[in-house]
Structures are given as structure tokens and as C-alpha cells.
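S.K.: Sequence lines, in order, name chains B and R. Quick note on numbering: the first sequence equals residues 9 to 217 in the working numbering. Quick note on numbering: the second sequence equals residues 9 to 217 in the working numbering. Just so you know, even glycine gets a beta-carbon here, dropped at the ideal spot from N, CA and C. Every value quoted in this text rests on a predicted model; they were computed, and no experiment measured them.
Number of protein chains: 2
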Amino acid sequence: MSELSAATGVPVATVKFYLREGLLPPGERTHPNQARYDSRHVRRLRLIRALTEVADLGLAAVAKVIAAIDGDLPVQAALGAAQDALAMSSRQERPSETSSAVLDEVIRRRGWEVLPASPARRLGDEAIAAVEAADLPGVLERIDDYAAAAEAVARADLDSLRGLQHDEDLVHAAAVGTVLRRPLLDALVLLAQQHETNRRERLGGIAAE
Amino acid sequence: MSELSAATGVPVATVKFYLREGLLPPGERTHPNQARYDSRHVRRLRLIRALTEVADLGLAAVAKVIAAIDGDLPVQAALGAAQDALAMSSRQERPSETSSAVLDEVIRRRGWEVLPASPARRLGDEAIAAVEAADLPGVLERIDDYAAAAEAVARADLDSLRGLQHDEDLVHAAAVGTVLRRPLLDALVLLAQQHETNRRERLGGIAAE
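(1) Less than 7 Å between C-beta atoms, sequence neighbours within five positions excluded: which residues of the same chain meet that for V139 (chain B)?
(2) For a contact meaning CB atoms closer than 8 Å, what does P191 (chain R) contact in chain B?
(3) Would you call the segment 186 to 193 of chain R in contact with the segment 119 to 127 of chain B, where contact means no fewer than 3 C-beta pairs closer than 8 Å?
(4) So, under 8 Å CB-CB, L131 (chain R) and A95 (chain R) are touching, yes? Tell me the CB distance rounded to an integer number of Å.
(5) Can you tell me where the beta strand (DSSP E) with R37 (chain B) in it begins and where it stops?
(6) Mind the definition here: the segment 154 to 164 of chain B touches the segment 147 to 162 of chain R only if three or more C-beta pairs lie below 8 Å; say whether that holds.
(7) In the DSSP assignment, find the unbroken alpha helix (DSSP H) run with R44 (chain R) in it and report its ends.
(8) Do the segment 79 to 86 of chain R and the segment 167 to 179 of chain R make contact, defined as three or more Cβ pairs closer than 8 Å?
(9) Between B:D112, B:Q201 and B:S13, which has its C-alpha nearest Y45 (chain B)'s C-alpha?
(10) Would you tell me roughly how many angstroms separate the C-alpha atoms of H203 (chain R) and D64 (chain B), rounded to the nearest one?
(11) Check the Cβ of A95 (chain B) against every Cβ in chain R and list those closer than 9 Å, keeping chain order.
(12) By Cβ distance below 8 Å, which residues in the same chain neighbour V20 (chain R) in space, the five residues on each side in sequence not counted?
(13) Please compile the residues from chain B whose C-beta is within a distance smaller than 7 Å of the C-beta of R150 (chain R).
(14) Identify, in the order they occur along the chain, each residue of the same chain with its Cβ nearer than 6 Å to the Cβ of A141 (chain B), setting aside the five sequence neighbours on each side.
(15) So which residues of chain B does Y7 (chain R) contact, with C-beta pairs closer than 8 Å?
(16) Please list the residues of the segment 47 to 58 of chain B that have a C-beta atom closer than 8 Å to any C-beta atom in chain R, keeping them in chain order.
(17) Return no unless some Cβ of chain R is closer than 9 Å to the Cβ of R118 (chain B).
(18) Would A24 (chain R) be called buried (16 or more neighbouring beta carbons within 10 Å of its own) or exposed?
(19) Counting only C-beta atoms, is A157 (chain R) closer than 9 Å to chain B at any point?
(20) Within this structure, are the beta carbons of A89 (chain B) and V73 (chain B) separated by less than 9 Å?
(21) At a Cβ cut of 8 Å, what residues of the segment 199 to 212 of chain R count as close to chain B, listed as they run along the chain?
(22) Taking A15 (chain B) as the reference, give the member of B:P33, B:P40 and B:R52 with the closest Cα.
(23) Report the rounded CA-to-CA distance for S98 (chain R) versus L59 (chain B), giving the unit in angstroms.
(24) Please report the straight-line C-alpha distance between G119 (chain B) and D167 (chain R), rounded to a whole angstrom.
(25) Quick one, which of B:E36, B:P40, B:G66 and B:L32 has its alpha-carbon nearest V50 (chain B)'s?
(26) Short check: CB of A128 (chain R) to CB of Q91 (chain R), under 9 Å?
(27) Is T186 (chain B) close to chain R, meaning its C-beta is less than 9 Å from at least one C-beta of that chain?
(28) For the alpha helix (DSSP H) holding G30 (chain B), just list the boundary residues, first then last.
(29) Give a yes or no on whether the C-beta atoms belonging to L87 (chain B) and A215 (chain R) are separated by under 9 Å.
(30) Going by the CB atoms, is the gap between A85 (chain B) and L111 (chain R) shorter than 9 Å?
(31) Near D133 (chain R), which residues of its chain fall below 8 Å by C-beta distance, leaving aside the five closest residues on each side in sequence?
(32) Assign D133 (chain R) to one of three DSSP states: helix, strand, or coil.
(33) Could you check if G17 (chain R) is buried or exposed, using at least 16 other CB atoms within 10 Å of its CB as the buried criterion?
(34) With a 10 Å radius around its C-beta and 16 neighbouring C-beta atoms as the bar for buried, classify L211 (chain B) as buried or exposed.
(35) Suppose you measure from the CA of R237 (chain R) to the CA of G35 (chain R); what does that come to, to the nearest Å?
(36) Are R117 (chain R) and D152 (chain R) touching if we call contact CB-CB under 9 Å?
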């Protein structure tokens with residue numbers, strides 16, 4: 009276990025915790041006090057680290073993604089599990105909110121077939137309530153632009169799974185890819201904002217009509 | 009203070025904590041042991057709650073956004089502060105990573121003018137390193153699709169500031185809008201994924217070429 013810790017930079021106490029929580033499969037017991045860990049354990053530990061530190065998931069959400077990979081799920085269910093993991097707060101359980109009329113309208117206009125009670129829907133209701141409470145009408149006026157961009161992202165997400173042959177590869181890519189793509193998109197949006205801000209400043213100021 | 013707590017649902021101990029941290033301005037002292045709080049305090053508390061609970065920011069990142077609103081910053085600087093707040097981990101300081109060649113290439117191809125040392129750039133380097141380590145080549149093959157969607161989001165973000173007349177409104181919309189738009193986009197992407205997954209399943213399966 010100390011070698012596993014050294015190979016991944018994850019402290020021994022944390023490795024033990026992941027074993028207890030079932031996020032990491034047990035090693036092969038070689039002595040009463042020793043177990044053998046292999047490259048699958050190293051990969052799994054690195055994955056847990058990426059999910060918690062880069063994708064900022066809480067442990068319950070990480071468990072959902074891991075269960076999707078380990079369970080013999082069909083790919084659509086694995087995608088659903090990853091989506092639910094992303095919609096879970098990393099901090100706390102959220103109270104249920106009332107459903108947003110603005111979001112209902114967007115879903116209707118785009119013709120989206122979505123579950124009315126999914127965690128993603130609840131996240132959307134909550135996000136729109138926060139934007140409304142903070143008095144940001146400009147954001148909601150552009151919601152169709154954001155929805156169109158979201159569709160482009162979703163198409164690229166599904167395209168990235170094309171041609172994967174083995175079910176195992178497909179489920180891994182669906183579950184992990186969906187989660188790790190989020191911080192990538194976040195970063196790209198921030199960089200594009202920097203660029204667009206500089207561009208508009210040169211063209212006469214950010215608030216210019 | 010107990011009325012302020014009742015009006016916002018934020019516990020008194022938390023209100024005291026925000027006062028000590030300077031996130032909430034002090035009330036007007038009416039007696040040695042009493043202070044008057046007004047509607048600005050209620051609004052500010054609701055904003056802090058939205059930033060921590062909906063946008064999932066850590067307290068250091070919330071302080072950055074609040075400082076942008078309270079400080080007499082030009083709008084470009086307020087936007088930059090909000091972007092840096094979003095790029096900060098809500099969990100911990102990240103070690104510096106090596107710069108990603110894949111991200112360099114995207115930035116060059118799109119002609120983005122961005123700071124080489126910004127938190128957004130570091131976030132991007134880290135996200136790409138995690139995608140590479142998790143063996144998800146499909147995601148990086150579509151990085152230009154994600155970058156194009158990110159540009160559309162950035163344009164909508166800047167469009168949402170158009171025509172705001174007062175500097176104060178503009179700075180508030182730039183700083184708060186940038187932060188609260190993120191969970192909205194996250195939710196829209198998850199809903200669009202649900203729809204796109206259902207659509208492709210009907211058309212012959214998710215992995216079909």
C-alpha cells in the first residue's frame with residue numbers, strides 16, 4: 009500500500025479511506041498483513057483524484073461514476089449516471105425548487121425530450137432562480153444562445169463516443185468523459201471570454217450597442 | 009441581526025462570520041449592542057448564498073467577486089475578477105501544471121488573445137492533463153467543437169452586458185452574471201445531452217458511426 013501511495017501521490021490514509029468506501033477494489037491478499045496492488049489500482053486512484061480535484065466532484069458523485077464503470081451498465085445508463093453525478097452538488101443536498109417557467113419554455117422551443125424530474129432539470133431550475141434573484145435580465149434574454157451552445161457541446165460529447173468498439177471502453181468514455189469534459193469547457197469559456205472582452209474593448213467598449 | 013437572519017434563512021452565526029470576513033458590510037450602529045440592517049444587507053446575503061450554493065464558489069472566490077462589485081473597478085477588471093474567481097478551485101490551491109501543447113494549439117488556431125499566466129489558462133492545462141491521463145482521445149479530437157461552443161457562450165455573455173447605462177449596473181452584471189451563468193450553462197448542457205442521447209439511441213445506438 010505504501011508503494012501504491014508513492015506511485016500516485018495519494019496519502020496512505022486516503023487510500024485506506026477509498027478502500028473502506030468501496031471506491032477502490034481490494035488488493036490481492038498475499039499475507040495476513042499485506043496485499044498486492046497492480047496497475048488497475050494505480051489507474052483507479054488517478055481517476056478518483058481527477059474526479060475530485062479537477063472535476064470537483066464530491067465523494068457521493070465519484071461513487072456514482074465508479075459504479076457506472078464497474079457495473080455492467082448499458083452505455084445510456086452510464087451516461088445518465090455521469091450526468092446525475094455532475095448535477096449533484098459537491099457541497100450539500102439542495103432543497104427542491106419550484107420548476108422554472110423560463111426553462112419549460114426553452115425545453116419546449118428546442119424540442120428537447122428530457123425527464124421532468126432529473127437532477128439536471130433541478131439544477132436548471134435552481135440556476136435560473138438564482139439569475140432571476142440577482143436581477144440579471146440580460147442573461148435570461150440570451151438563454152436561447154446558451155441553449156444552442158449547449159446543444160453543440162452535447163453533440164460533440166456524443167460524437168466523441170463514436171466508433172468505440174468494446175462496451176467497456178464505451179462505458180468508460182461515456183462516464184468519465186462526460187465528467188472530465190466539464191472543467192475543459194469551463195476553461196475554454198473563460199479563455200474565450202478573455203479574448204472577446206479584449207476585442208470589444210478595442211471596438212468601442214464592452215457596453216456599446 | 010435576527011431579523012436579517014429570518015429574512016434570508018442564513019443562520020445568525022453565518023451572518024456574523026460574513027461580517028467578520030468583510031463579505032457583508034456592517035450595519036448602522038443604533039445601540040452599543042444593536043445595529044440596523046437594511047435591504048442592501050438582505051440583497052448581499054442572498055448574493056453570497058447564490059455564489060456559494062448555486063455557483064459552488066469557495067469563500068475566497070466569493071470575496072473576489074464581492075470586491076469587484078464594491079471596488080470602483082472598470083468593467084473589464086470586474087469581468088477579469090469574476091473569471092479568476094471561477095477558475096479558483098472551490099477546494100484547494102492547485103499545484104502549477106506544465107502548459108499543455110494541445111491548448112497552445114487551440115489558442116493559436118482560434119486566434120485567441122489571452123494571458124499566458126491567467127488562472128483560466130492553468131485550469132485549461134489541468135483539465136487537458138486529466139483528459140489525457142484518463143485516456144479519452146475522443147474528447148481531445150473534438151476540442152475545436154468545444155472551443156467554437158465556448159466562443160458562442162462568451163459572445164452571449166458579453167452581449168448580455170450591452171446597453172447597461174450605469175457603471176454600477178454594468179460591473180454587477182459583469183461580475184455576478186459571469187459567475188451565475190456557469191451553473192445555468194452546466195444544466196443546459198446536461199439537458200441537451202439527455203435529449204441527444206435519446207435521439208441517437210433511436211437512430212441506431214450511441215456508438216454508431
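M.R.: To lay it out plainly:
(1) To locate residue 139 (chain B), count along the first sequence from 1; it is residue 131. Answer for V139 (chain B): V147 and L148, listed in chain order.
(2) The residue labelled residue 191 (chain R) in the question sits at position 183 within the second sequence. In chain order: L131, E134, A135 and A138.
(3) no
(4) As a position in the second sequence, residue 131 (chain R) is number 123, starting the count at 1. As a position in the second sequence, residue 95 (chain R) is number 87, starting the count at 1. The Cβ separation is near 5 Å, so the contact holds.
(5) What you label residue 37 (chain B) is simply residue 29 of the first sequence in a count that begins at 1. Taken as a continuous stretch (DSSP letters only), the beta strand (DSSP E) holding R37 (chain B) covers E36 to H39.
(6) yes
(7) By 1-based counting over the second sequence, the position of residue 44 (chain R) is 36. Taken as a continuous stretch (DSSP letters only), R44 (chain R) belongs to no alpha helix (DSSP H), being part of the beta strand (DSSP E) at Q42 to R44.
(8) yes
(9) As a position in the first sequence, residue 45 (chain B) is number 37, starting the count at 1. Of the candidates B:D112, B:Q201 and B:S13, the one whose C-alpha sits nearest the C-alpha of Y45 (chain B) is B:S13.
(10) Position 195 of the second sequence holds residue 203 (chain R). Position 56 of the first sequence holds residue 64 (chain B). Roughly 25 Å separates the two Cα atoms.
(11) Numbered from its first residue, the first sequence carries residue 95 (chain B) at position 87. Result: D194, A195 and L198.
(12) Translated into the one-based positions of the second sequence, residue 20 (chain R) becomes position 12. Excluding residues within five positions, the ones whose Cβ falls inside 8 Å are M9, S10 and S13.
(13) Position 142 of the second sequence, counting from 1, holds the residue named residue 150 (chain R). Near R150 (chain R) (Cβ distances below 7 Å), the residues of chain B are A164, D167 and S168.
(14) Position 133 of the first sequence holds residue 141 (chain B). Excluding sequence neighbours, A141 (chain B) sits near nothing in its chain.
(15) Outside the shown range of chain R (9 to 217) lies residue 7 (chain R), about which nothing can therefore be said.
(16) R54, L55 and A58
(17) Residue numbering aside, residue 118 (chain B) sits at position 110 when the first sequence is read from its first letter. Yes, because at least one Cβ of chain R sits closer than 9 Å to the Cβ of R118 (chain B).
(18) Within the second sequence, the letter at position 16 stands for residue 24 (chain R). According to the sequence provided, residue 24 (chain R) is Lys. The question's Ala does not apply to it. Answer is exposed; the Cβ neighbour count stays below 16.
(19) Here residue 157 (chain R) is taken as the residue at index 149 of the second sequence, counted from 1. For A157 (chain R), the answer is yes, since a Cβ of chain B falls inside 9 Å of its Cβ.
(20) Here residue 89 (chain B) refers to the residue found at position 81 of the first sequence. Here residue 73 (chain B) refers to the residue found at position 65 of the first sequence. Result yes, Cβ atoms of A89 (chain B) and V73 (chain B) sit closer than 9 Å.
(21) L199, A200, Q201, Q202, H203, E204, T205, N206, R207, R208 and E209
(22) Residue mapping note: residue 15 (chain B) aligns to position 7 of the first sequence, counting from 1. Minimum Cα distance to A15 (chain B) is reached at B:R52.
(23) For this step, residue 98 (chain R) is matched to residue 90 along the second sequence. For this step, residue 59 (chain B) is matched to residue 51 along the first sequence. Only weak support exists for where S98 (chain R) lies, its pLDDT of 44 falling under 50; the value from the coordinates is given anyway. Going from the Cα of S98 (chain R) to the Cα of L59 (chain B) covers about 14 Å.
(24) Within the first sequence, the letter at position 111 stands for residue 119 (chain B). Within the second sequence, the letter at position 159 stands for residue 167 (chain R). Computed Cα separation, rounded: 25 Å.
(25) Within the first sequence, the letter at position 42 stands for residue 50 (chain B). For the residues B:E36, B:P40, B:G66 and B:L32, the minimum Cα distance to V50 (chain B) belongs to B:L32.
(26) For the purposes of this step, residue 128 (chain R) is taken as residue 120 along the second sequence, with counting starting at 1. For the purposes of this step, residue 91 (chain R) is taken as residue 83 along the second sequence, with counting starting at 1. In this structure, Q91 (chain R) lies closer than 9 Å to A128 (chain R) by Cβ.
(27) Along the first sequence, one-based indexing puts residue 186 (chain B) at 178. Yes - at least one Cβ of chain R is within 9 Å of the one on T186 (chain B).
(28) As a position in the first sequence, residue 30 (chain B) is number 22, starting the count at 1. From DSSP, G30 (chain B) is part of no alpha helix (DSSP H); its letter is neither H nor E.
(29) Numbered from its first residue, the first sequence carries residue 87 (chain B) at position 79. Numbered from its first residue, the second sequence carries residue 215 (chain R) at position 207. For L87 (chain B) and A215 (chain R), no; Cβs fall outside 9 Å.
(30) Stepping through the second sequence from its first residue, residue 111 (chain R) is reached at position 103. Stepping through the first sequence from its first residue, residue 85 (chain B) is reached at position 77. Taking 9 Å as the Cβ cut-off, L111 (chain R) and A85 (chain B) do not qualify as a contacting pair.
(31) Within the second sequence, the letter at position 125 stands for residue 133 (chain R). Excluding residues within five positions, the ones whose Cβ falls inside 8 Å are E105, T106, S107, S108 and L111.
(32) Here residue 133 (chain R) refers to the residue found at position 125 when the second sequence is read from its first residue. Reduced to three states, the DSSP call for D133 (chain R) is helix.
(33) The count along the second sequence starts at 1 and reaches residue 17 (chain R) at position 9. Exposed is the call here.
(34) Taking the first residue of the first sequence as 1, we reach residue 211 (chain B) at position 203. The residue in question, L211 (chain B), is exposed, as its Cβ has fewer than 16 Cβ neighbours within 10 Å.
(35) Residue 237 (chain R) is absent from the model: chain R starts at 9 and stops at 217.
(36) As a first step, residue 117 (chain R) is located in the second sequence; it is residue number 109 there, counting from the start. As a first step, residue 152 (chain R) is located in the second sequence; it is residue number 144 there, counting from the start. Cβ atoms of R117 (chain R) and D152 (chain R): closer than 9 Å.
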